[in-house]
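K.L.:
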Amino acid sequence: MGPCCFSAQDQFDNLEKHTQWGIDVLEKYIKFVKERTEIEINYAKQLRNLSKKYQPKKNSKEEDEYKYSSCRAFLATLNEINDYAGQHEVISENMTSQITTELARYVQELKQERKSHFHDGRKAQQHIETCWKQLESSKRRFERDCKEADRAQQYFEKMDADINVTKADVEKARQQAQLRHQMAEESKAEYSSTLQKFNHEQHEHYHTHIPNIFQKIQEMEERRIVRLGESMKTFAEVDRQVIPIIGRCLDEITKAAESINQKNDSQMVIEAFKSGFEPPGDVDFEDFTQPIKRTISESSLSNSKDGKSESRFSSKSKGKLWPFIKKNKPPPPPPSSGSPSAVPNGPQSPKQQKEPLSHRFNEFMTSKPKIHCFRSLKRGLSLKLGAGPEDFSNLPPEQRRKKLQQKVDELNKDIQKELDQRDALTKMKDVYIKNPQMGDAASVDHKLAELGQNLEKLRLEEQKFLGWLAEVEGRLPVRTEPARRQSGLYEPQNTLTVNNCAQDRESSPDGSYTEEPSQESELKAPPPDFDDEFDDEEPLPTIGTCKALYTFEGQNEGTISVTEGETLYVIEEDKGDGWTRIRRNEDEEGYVPTSYVDVFLDKNVKGAKTYI
Numbered sequence: 004m005g006p007c008c009f010s011a012q013d014q015f016d017n018l019e020k021h022t023q024w025g026i027d028v029l030e031k032y033i034k035f036v037k038e039r040t041e042i043e044i045n046y047a048k049q050l051r052n053l054s055k056k057y058q059p060k061k062n063s064k065e066e067d068e069y070k071y072s073s074c075r076a077f078l079a080t081l082n083e084i085n086d087y088a089g090q091h092e093v094i095s096e097n098m099t100s101q102i103t104t105e106l107a108r109y110v111q112e113l114k115q116e117r118k119s120h121f122h123d124g125r126k127a128q129q130h131i132e133t134c135w136k137q138l139e140s141s142k143r144r145f146e147r148d149c150k151e152a153d154r155a156q157q158y159f160e161k162m163d164a165d166i167n168v169t170k171a172d173v174e175k176a177r178q179q180a181q182l183r184h185q186m187a188e189e190s191k192a193e194y195s196s197t198l199q200k201f202n203h204e205q206h207e208h209y210h211t212h213i214p215n216i217f218q219k220i221q222e223m224e225e226r227r228i229v230r231l232g233e234s235m236k237t238f239a240e241v242d243r244q245v246i247p248i249i250g251r252c253l254d255e256i257t258k259a260a261e262s263i264n265q266k267n268d269s270q271m272v273i274e275a276f277k278s279g280f281e282p283p284g285d286v287d288f289e290d291f292t293q294p295i296k297r298t299i300s301e302s303s304l305s306n307s308k309d310g311k312s313e314s315r316f317s318s319k320s321k322g323k324l325w326p327f328i329k330k331n332k333p334p335p336p337p338p339s340s341g342s343p344s345a346v347p348n349g350p351q352s353p354k355q356q357k358e359p360l361s362h363r364f365n366e367f368m369t370s371k372p373k374i375h376c377f378r379s380l381k382r383g384l385s386l387k388l389g390a391g392p393e394d395f396s397n398l399p400p401e402q403r404r405k406k407l408q409q410k411v412d413e414l415n416k417d418i419q420k421e422l423d424q425r426d427a428l429t430k431m432k433d434v435y436i437k438n439p440q441m442g443d444a445a446s447v448d449h450k451l452a453e454l455g456q457n458l459e460k461l462r463l464e465e466q467k468f469l470g471w472l473a474e475v476e477g478r479l480p481v482r483t484e485p486a487r488r489q490s491g492l493y494e495p496q497n498t499l500t501v502n503n504c505a506q507d508r509e510s511s512p513d514g515s516y517t518e519e520p521s522q523e524s525e526l527k528a529p530p531p532d533f534d535d536e537f538d539d540e541e542p543l544p545t546i547g548t549c550k551a552l553y554t555f556e557g558q559n560e561g562t563i564s565v566t567e568g569e570t571l572y573v574i575e576e577d578k579g580d581g582w583t584r585i586r587r588n589e590d591e592e593g594y595v596p597t598s599y600v601d602v603f604l605d606k607n608v609k610g611a612k613t614y615i
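So this is what it looks like as structure tokens:
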């Protein structure tokens with residue numbers, strides 16, 4: 004084989020190795036992208052598990068914690084982290100579909116194309132090798148025939164020169180020489196033709212076929228390189244596409260962090276644990292230089308007028324120490340009043356025997372809460388077991404008010420639900436009456452009757468809790484009430500009754516506020532005289548109308564009874580205490596719970612006021 008053939012074969016071998024290396028590079032990159040997608044999937048899975056791990060559990064105390072802005076911001080962060088994980092899943096999916104899958108298919112196509120090109124190259128190489136062999140064979144035959152012709156000629160000349168050889172032998176030698184010359188000429192012509200054919204095939208091979216094959220292999224290799232570069236661009240673009248969404252997730256986390264309001268959180272803590280008790284008063288100075296006078300003053304509690312005033316002052320200051328000193332009993336809540344304007348500024352319990360301040364401080368630091376009686380023990384156990392009284396009387400006033408208001412709101416929701424069901428059944432009954440073929444109207448009556456009974460029970464329950472709520476709101480200090488409602492409501496003659504009630508109150512073993520149910524009648528001081536309070540004032544102007552949603556029995560002083568569906572005039576809006584002042588006529592006016600009426604204010608009436 005000629006040197007050119009060996010050179011072409013070497014180039015084919017080199018190209019075959021190089022193109023195989025290019026395919027290996029593609030497969031290596033595909034493996035790299037696959038591992039990257041697995042990392043993204045695992046990262047997203049771990050982020051989702053992390054977010055789920057710290058999500059608040061349903062029906063647990065953790066849900067209550069998320070009312071604070073800081074906890075809500077943390078919850079928003081968890082949700083955004085979940086969305087953030089979703090974007091990494093998107094990265095994995097896009098890389099798999101746009102890079103891994105596409106490149107794997109392209110590699111298969113590339114392998115087929117490469118195989119085809121090198122097959123054509125080997126075929127062309129085999130063809131030129133065959134032509135070369137034919138040329139060599141023709142050349143050797145021409146050479147052999149020429150040698151044979153030369154030997155035949157020499158033999159003829161030898162025979163012709165020999166006189167001993169017959170003429171016939173000479174003629175035979177001459178004919179043999181001519182035959183060999185003719186064969187040599189034919190071999191020469193065949194060799195010449197084969198040589199021309201080979202030269203033509205060789206020219207086509209090295210100037211047309213092989214260059215075309217090399218060109219195709221080059222184009223194939225360049226397409227592979229371009230495809231690899233495009234995949235790398237796609238790799239970056241897939242990440243870049245989710246950057247805006249990830250940025251929005253991070254912006255939402257920042258926004259949630261900026262929404263944290265420490266003041267509101269602190270206020271919520273205050274509202275959650277506010278008891279409604281007043282702080283203790285100043286501790287009296289105990290004059291040990293005059294023991295006789297102090298003893299006489301204490302023994303003349305019920306005989307001396309001065310002693311009575313002193314006892315009121317002393318018991319007030321001592322009674323107010325009870326939240327901080329376990330030994331003292333809590334002061335009584337103010338007398339119950341139906342009016343929302345009641346203010347708990349009533350007199351305190353009588354003065355008890357004082358002890359040295361140092362002894363009190365030592366007891367406060369060393370003593371443990373004591374259970375005074377079996378009834379207190381029973382209440383303490385019930386509180387620990389979570390079975391408190393229905394009216395929440397075991398709670399401090401403010402906490403009790405919140406619990407009662409929450410219960411009233413729940414009952415209102417239940418009532419509205421029952422009303423909606425009743426309306427739906429009523430409409431269904433009307434449809435059945437108009438179209439008997441659709442159903443029996445009598446089949447709905449039983450359900451309507453059952454709903455009516457449920458509504459009656461819920462309304463009675465609501466009335467009961469509203470009564471307790473009105474009682475509590477009457478005892479709590481009303482910060483939004485004007486000063487005129489805080490003056491002259493309780494007279495000194497109520498002192499003895501309230502003081503006796505105060506002595507019957509006890510603190511539960513866990514320090515919670517308790518109240519004896521049997522003492523409720525004694526806690527109710529004579530109601531203030533509202534007529535004396537408003538006689539000198541002009542009647543308030545009408546600022547709108549209202550319609551009674553439910554019947555309200557105004558049994559306490561300052562309230563007014565209304566019937567469901569009745570229309571009345573509004574003369575004073577709800578100022579945040581849950582009561583609205585209304586008027587039926589010139590002589591009848593009073594307060595009703597705001598939740599019992601639907602108020603329609605007339606903003607154009609002169610003198611109308613809006614309280615915020």
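Here my numbering is used: the first residue of the sequence shown is 4, the next is one more, and so on. Every residue, glycine too, gets a C-beta built ideally from N, C-alpha and C. None of the values given here were measured: they were computed from a predicted structure.
Once DSSP output is grouped into helix, strand and coil, what is the label at residue 572?
P.N.:
The answer is strand: DSSP assigns residue 572 an E or B state.
K.L.:
Spatial neighbours of residue 180 within its chain, please: CB distance less than 8 Å, with the 5 preceding and 5 following residues excluded, ordered by chain position.
P.N.:
So the list reads 152, 155, 156, 158, 159, once near-sequence residues are dropped.
K.L.:
Just curious, the beta strand (DSSP E) that residue 602 is in, first and last residue?
P.N.:
Note, residue 602: beta strand (DSSP E), 600 to 604.
K.L.:
Helix, strand or coil: which one does DSSP assign to residue 550?
P.N.:
Residue 550 falls in the strand class under three-state DSSP.
K.L.:
Can you list, in chain order, the residues of its chain whose CB lies under 7 Å from that of residue 198, leaving out five sequence neighbours each side?
P.N.:
Excluding positions up to five away in sequence, the list reads 138.
K.L.:
For the alpha helix (DSSP H) containing residue 257, list its first residue and its last residue.
P.N.:
It spans 213 to 261 - the alpha helix (DSSP H) in which residue 257 sits, taken as one unbroken run.
K.L.:
Return helix, strand or coil for residue 57, following the three-state DSSP convention.
P.N.:
Note: residue 57 maps to coil in three-state DSSP.
K.L.:
Please classify residue 359 as buried or exposed, where buried requires at least 16 neighbouring CB atoms within 10 angstroms.
P.N.:
Low per-residue confidence applies at residue 359: pLDDT is 47, beneath 50, and the placement is therefore not dependable, though the value from the model is reported in the following sentence. Exposed, because fewer than 16 other Cβ atoms sit within 10 Å of the Cβ of residue 359.
K.L.:
So, for residue 92: in the same chain, excluding its five sequence neighbours on each side, which residues have a beta-carbon less than 6 Å away from its beta-carbon?
P.N.:
The residues are 47.
K.L.:
May I ask you to verify whether the stretch 241 to 248 touches the stretch 66 to 73, counting CB pairs closer than 8 Å and requiring at least 3?
P.N.:
The stretch 241 to 248 vs the stretch 66 to 73: no contact.
K.L.:
Pick helix, strand or coil for residue 625, following the three-state DSSP scheme.
P.N.:
Summary: the structure shown does not reach residue 625, with the chain confined to residues 4 through 615, and so no result is reported for it.
K.L.:
Tell me, which residues are paired with residue 555 by DSSP?
P.N.:
Paired residues: 565.
K.L.:
Exposed or buried, which one is residue 90 when buried takes at least 16 other CB atoms within 10 Å?
P.N.:
Residue 90 comes out buried.
K.L.:
Return the chain-ordered list of same chain residues with a C-beta closer than 6 Å to the C-beta of residue 229, the five sequence neighbours on each side being excluded.
P.N.:
No residues qualify anywhere along the chain.
K.L.:
Specify, as a first and last residue, the run of the beta strand (DSSP E) that residue 585 falls within.
P.N.:
582 to 586 is the extent of the beta strand (DSSP E) around residue 585.
K.L.:
Closest to residue 126 by C-alpha separation, out of 107, 168, 417, 15, would be which residue?
P.N.:
That would be 15, whose Cα lies nearest to the Cα of residue 126.
K.L.:
Would you report the Cα separation of residue 134 and residue 36, rounded to the nearest angstrom?
P.N.:
One C-alpha to the other measures close to 50 Å.
K.L.:
Starting from the Cα of residue 553, find the closest Cα among 559, 564, 221, 547 and give me that residue.
P.N.:
Closest by alpha carbon: 564.
K.L.:
Please name the residue in 476, 20, 249, 116 whose C-alpha comes closest to that of residue 579.
P.N.:
The option with the nearest alpha carbon to residue 579 is 476.
K.L.:
Starting from residue 89 and walking both ways along the alpha helix (DSSP H), at which residues does that stretch end?
P.N.:
Residues 72 to 98.
K.L.:
Give the straight-line distance between the Cα atoms of residue 604 and residue 585, rounded to the nearest whole angstrom.
P.N.:
Approximately 12 Å between the Cα atoms of the pair.
K.L.:
Would you mind sorting residue 57 into buried or exposed? The rule is 16 or more other CB atoms within 10 Å of its CB.
P.N.:
Counting Cβ neighbours within 10 Å, residue 57 comes out exposed, since fewer than 16 surround it.
K.L.:
Is the beta carbon of residue 418 less than 8 Å from the beta carbon of residue 451?
P.N.:
Not in contact: residue 418 and residue 451 (Cβ atoms no closer than 8 Å).
K.L.:
Which of helix, strand or coil does DSSP assign to residue 289?
P.N.:
In the structure shown, residue 289 sits in coil (DSSP, three-state: anything other than H, G, I, E or B).
K.L.:
Excluding the five sequence neighbours on either side, which residues of its own chain have a C-beta within less than 6 Å of the C-beta of residue 144, listed in chain order?
P.N.:
The answer, listed in chain order, is 190.
K.L.:
Whole angstroms is fine: what's the gap from residue 557's alpha carbon to residue 434's?
P.N.:
Distance between the alpha carbons of residue 557 and residue 434 is about 40 Å.
K.L.:
Tell me which residues share the same chain as residue 436 and place their Cβ nearer than 6 Å to its Cβ, disregarding the 5 neighbours each side in the sequence.
P.N.:
Closer than 6 Å at Cβ, skipping near neighbours: 444.
K.L.:
Quick check on the burial criterion: 16 or more other C-beta atoms within 10 angstroms. Buried or exposed for residue 468?
P.N.:
Buried, by the Cβ-count rule.
K.L.:
Taking the C-alpha atoms as reference points, what is the distance between residue 401 and residue 411?
P.N.:
Taking the straight line from one Cα to the other gives about 15 Å.
K.L.:
Compare the C-beta of residue 560 against all C-beta atoms of chain B and say whether one is closer than 8 Å.
P.N.:
Within the model displayed, chain B is absent; a lone protein chain is all it includes.
K.L.:
What is the DSSP secondary structure of residue 542, reduced to helix, strand or coil?
P.N.:
Residue state, collapsed to three classes: coil.
K.L.:
Apply the 10 Å Cβ neighbour rule to residue 41 and answer buried if 16 or more other Cβ atoms are within range, or exposed otherwise.
P.N.:
Exposed is the call here.
K.L.:
Report the CB separation of residue 602 from residue 547 in whole angstroms; it is logged as a contact under 8 Å.
P.N.:
Confirmed, Cβ separation roughly 6 Å.
K.L.:
Short of 8 Å in beta carbon distance, which residues of its chain neighbour residue 271, apart from the five on each side in sequence? Order them along the chain.
P.N.:
The residues are 70, 71.
K.L.:
Is residue 223 closer than 8 Å to residue 113 when the C-beta atoms are compared?
P.N.:
Result yes, Cβ atoms of residue 113 and residue 223 sit closer than 8 Å.
K.L.:
Mark residue 208 as exposed unless 16 or more other C-beta atoms lie within 10 angstroms of its C-beta, in which case mark it buried.
P.N.:
Residue 208 comes out buried.
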